Amino acid sequence: MPTKNTIPIFFWWTGYLVIAVWAQELSGGLDFLSPGLLICLQSRHWWSAVWLAVLWVLMQEGVGNLVFGVSILFYAGMFLFFLVSRWILEPENPFFVIAFSLFLAIWSWGALNGAGAFQELAAQLPAFAPWVAKQWVAYMVFWAIALLAYRRWVQHGRV
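First residue of the sequence shown: -17, per our numbering; consecutive thereafter.
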């Protein structure tokens, strides 16, 4: 039975998706979907993370112009790094989130630029340091806000 002031999980993730997509559009392409997966992983909702990753991949691969598989590569690396790094630090530790966000920002840049080079795209690719810095801050800030909201308003069930 839902408690007072909680949001059903379906509506939470639907709202999260809408906000993340708009944030991505307004920021010029920064990733705001990955912090949601990090919340699932930190909460040990493994199947929720898998379903959301499948949804994110289908959405990103369907609207992008890069070769199929870049999102799969990115999220596979994200899951693998999470599983390896949680042996070193507790996932709730703020330093874990800082380091994990930095890794994701670097990994995202590498995956996108690798795919662009693989396809021989003539597009101007973003410079490493400014793009990684912006993405790193976006990951940390969006994750912190989303985690606080998730803990405050979400029924802790499955997706």
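Backbone N, C-alpha and C define an ideal beta-carbon position, used for all residues, glycine too. Quick caveat, the model's predicted, so the values are computed rather than measured.
Cβ shell of residue i (< 6 Å), same chain only, five flanking positions each side left out
i: Q42; result: S53
i: Y132; result: I21
i: F14; result: A2, A5, Q6 and F124
i: W(-6); result: V136
Range of the contiguous alpha helix (DSSP H) that encloses residue i
i: E7; result: I(-9) to L8
i: G25; result: For the sequence presented, residue 25 should be read as Ser rather than Gly. No alpha helix (DSSP H) holds S25; DSSP gives it neither H nor E.
i: G92; result: P76 to F100
i: I127; result: F110 to W135
i: F64; result: V52 to S67
Short Cβ contact (8 Å threshold) for residue i with residue j
i: C22; j: S30; result: yes
i: F56; j: W89; result: yes
i: H113; j: S83; result: According to the sequence displayed, residue 113 carries Trp and not His. Contact: no.
i: K116; j: L19; result: no
Coil, strand or helix - residue i by DSSP
i: T(-12); result: coil
i: L15; result: coil
i: L37; result: helix
8 Å CB neighbourhood of residue i in its chain, flanking five on each side removed
i: Q24; result: P73, E74 and L129
Contact between the stretch 120 to 132 and the stretch 74 to 83 (3+ Cβ pairs under 8 Å): With a cut-off of 8 Å, the stretch 74 to 83 and the stretch 120 to 132 count as touching, because enough Cβ pairs lie within range.
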